[in-house]
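Worksheet: the structure to be examined is printed underneath.
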Amino acid sequence: MKGLGPIAVALVAAFAIIMIEGIILNVFVFKMIGFKESTLEEEYISAVNKVEAIKRGLPYALYYSYKEALKRAGVNDISGISDLGELEKNVTIIFNEYRKKVEEKTNIVIPAGKIEIKTSSSGVEVSFSSSSLISYSYSSSSLNFVIKENPNVTIQIVNNELTEKFY
Amino acid sequence: MKAFLPFTLAIVGIITTITIVVGIILPIAVLKYHLVTTIEYEYKYDNAQLTLLNFLFSPYDDKHLMYRILSEREAFYSNEAQTKIEEKLKLFTLSNCFKIVNETSVIFTEKCEAKNNVGEIYIFRPYDKGLIEELILVFE
Chain A
1489 MKGLGPIAVA
1499 LVAAFAIIMI
1509 EGIILNVFVF
1519 KMIGFKESTL
1529 EEEYISAVNK
1539 VEAIKRGLPY
1549 ALYYSYKEAL
1559 KRAGVNDISG
1569 ISDLGELEKN
1579 VTIIFNEYRK
1589 KVEEKTNIVI
1599 PAGKIEIKTS
1609 SSGVEVSFSS
1619 SSLISYSYSS
1629 SSLNFVIKEN
1639 PNVTIQIVNN
1649 ELTEKFY
Chain B
58 MKAFLPFTLA
68 IVGIITTITI
78 VVGIILPIAV
88 LKYHLVTTIE
98 YEYKYDNAQL
108 TLLNFLFSPY
118 DDKHLMYRIL
128 SEREAFYSNE
138 AQTKIEEKLK
148 LFTLSNCFKI
158 VNETSVIFTE
168 KCEAKNNVGE
178 IYIFRPYDKG
188 LIEELILVFE
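Chains as they are written, first to last, in this note's numbering: chain A, 1489 to 1655; chain B, 58 to 197.
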């Protein structure tokens, strides 16, 4: 009986250590699950912001495409254009260059679409429309998602200047 | 000699238990530290990115948004624009120390070393070969 003392103490100590370890592990594991979810959520938020910036930048790209098409046609104003269809084609070519560059650099896909130009007494309206959506795919070992956005946009050009009131 | 056996067993038992505990808890603690650091960095990144997004789409004047001023900065840049950008950035970052850079150069900076919050956004860059530019906002 006398010889069992240290073994009993050792057993109690080992049991206490394992119990404490169990509690610590439990806290660690649950905290880590929470942390991991937060990290994934932050990855998602970052991607949403990235797509949002591209979507909001579309009116500027459309305006530049329009201006550049006029420049290539050798005119400063739409009044110098006799064939609107030809201008629409040229705007589409320039806008498509931008679409490609965006995809190459950011992996955000702006779908192909139709560009329409309408003139009125108040100014020029240029619109881009597509039946597909802007998309961005993210893939990692722990998370896969696709973010989609509406690419349709219409800009107003008054006195050859873009009206920057989109929102 | 026989009397030492229980002590030896007890000590070996405790050392084994401690080794196992340290062997399990230590890697988990390191992993937790790593995750906390990552999450902190990503939170700051998202925050800076959203700040940059809001800044870019805030009005510069009654005709233009900041986006236009920065994307066509060669055409719009002036001392007045610089002052407005500075005021806006102070408002959006709630800081006096910030800078806006792209992949190769500094576009706008205060006289301080901002490095804590980093967020990036791609903007349209007309009249430039790349047509798209990565803008990075850094602030303290």
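Built from N, CA and C at the ideal position, the CB exists for glycine as well.
Cβ-based burial, residue i [other Cβ within 10 Å; buried from 16]
i	result
B:Gln32	Residue 32 of chain B is absent from the model: chain B starts at 58 and stops at 197.
B:Met123	buried
B:Ile180	buried
A:Ile1521	exposed
B:Asp118	exposed
B:Ile157	buried
A:Lys1653	exposed
B:Ala67	buried
8 Å Cβ shell around residue i - same chain, five flanking residues per side excluded
i	result
B:Asn173	Lys101, Val195, Phe196 and Glu197
A:Asp1565	Leu1558 and Asn1648
A:Phe1583	Ala1549, Leu1550, Ser1553, Ile1603 and Phe1616
A:Val1634	Ser1623, Tyr1624, Ser1625 and Tyr1626
A:Leu1650	Pro1547, Tyr1548, Tyr1551, Ile1643 and Gln1644
Beta-carbon contacts of residue i that lie in its chain and below 6 Å, excluding the five residues immediately before and after
i	result
A:Lys1606	Glu1613
B:Phe133	Ile126
A:Leu1528	Leu1631
A:Tyr1586	Ala1549
A:Val1579	Ser1553, Tyr1554, Ala1557 and Ile1603
CB of residue i within 8 Å of CB of residue j, strictly
i	j	result
A:Glu1540	B:Leu192	no
A:Ile1505	B:Ile75	yes
A:Ala1561	A:Leu1575	yes
B:Glu167	B:Cys154	yes
A:Lys1589	B:Leu188	yes
A:Val1512	B:Ile82	For the record, residue 1512 of chain A in the displayed sequence is Ile; it is not Val. Yes, these two residues count as a Cβ contact at 8 Å.
B:Pro84	B:Ser128	no
B:Gly70	A:Ala1502	yes
B:Lys89	A:Phe1518	no
Simplified DSSP state of residue i, which is helix, strand or coil
i	result
B:Ile77	helix
B:Ser128	helix
B:Thr108	helix
B:Thr140	helix
B:Glu170	coil
B:Pro84	helix
B:Tyr98	helix
A:Asn1632	strand
A:Thr1607	strand
A:Ala1652	Per the sequence presented here, residue 1652 of chain A reads as Glu, with Ala not at that position. It is coil, neither helix nor strand.
Neighbourhood of residue i by C-beta distance below 7 Å, restricted to the same chain and skipping five residues each side
i	result
A:Lys1555	none
A:Lys1636	Leu1621, Ile1622 and Ser1623
B:Thr108	Phe149, Thr150, Gly176 and Leu194
B:Val163	Lys156
Check: What are the uninterrupted segments assigned as alpha helix (DSSP H) that are 4 or more residues long and contained completely in the stretch 1499-1576 of chain A, given in chain order?
Finding: Counting only unbroken stretches of 4 or more residues, no alpha helix (DSSP H) element lies wholly within the stretch 1499-1576 of chain A.
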